[in-house]
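So the structure is just underneath, and the comments pick up after that.
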Amino acid sequence: MKVPVVAYRIGGTPEGIVHGKTGFLVRKGDLKSFADRLKELLTDGKKRKAMGEEGRMFVQKKFSLEAFADRHEQYYATILSHSRNVEHSELR
């Protein structure tokens, strides 16, 4: 789905939403801001579509299985690199 999100800025929510680009984050309990942002998206189809597209690309880039595998590969490469550096320094 290519739908922008309006959510409260709590917990891990900000990790999945880029404010103003893939959706909107509002202060917890701020119902007026929440409603204002929803209204903004409902009345501005061009913005809604653009943010939805951007959100879809963001999720694919950051949360896809491929992205997950790439991050793990980088993580393990870093660990192995540090491990080799430690082994070489111990040999000196």
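Following this note's numbering, the numbering of the sequence shown begins with 103 at its first residue and continues without gaps.
C-beta atoms are modelled at their ideal positions from N, C-alpha and C, and glycine is treated no differently.
{"Check": "Let's test the definition: count the other Cβ atoms within 10 Å of the Cβ of V128 and tell me whether it reaches 16, buried, or not, exposed.", "Outcome": "buried"}
{"Check": "Ignoring anything shorter than 4 residues, give me the alpha helix (DSSP H) runs that lie fully in the region 143 to 191, in order along the chain.", "Outcome": "147 to 165"}
{"Check": "Out of K104, P106, S185, H121, state which residue places its alpha-carbon closest to the alpha-carbon of I112.", "Outcome": "H121"}
{"Check": "Taking the straight line between their C-alpha atoms, what separation do you get for K103 and Y177?", "Outcome": "Sequence check: residue 103 is Met here, not Lys. Going by the C-alpha atoms only, they are around 30 Å apart."}
{"Check": "Only counting the same chain, and skipping five residues up and downstream in sequence, which positions put a Cβ closer than 7 Å to that of A169?", "Outcome": "K163"}
{"Check": "Would M153 and G125 qualify as a contact pair, given that the criterion is a beta-carbon distance under 9 Å?", "Outcome": "yes"}
{"Check": "Classify L182 as buried or exposed, calling it buried when 16 or more other Cβ atoms lie within 10 Å of its own Cβ.", "Outcome": "exposed"}
{"Check": "Grouping DSSP H, G and I as helix and E and B as strand, with all else coil, what is G125?", "Outcome": "strand"}
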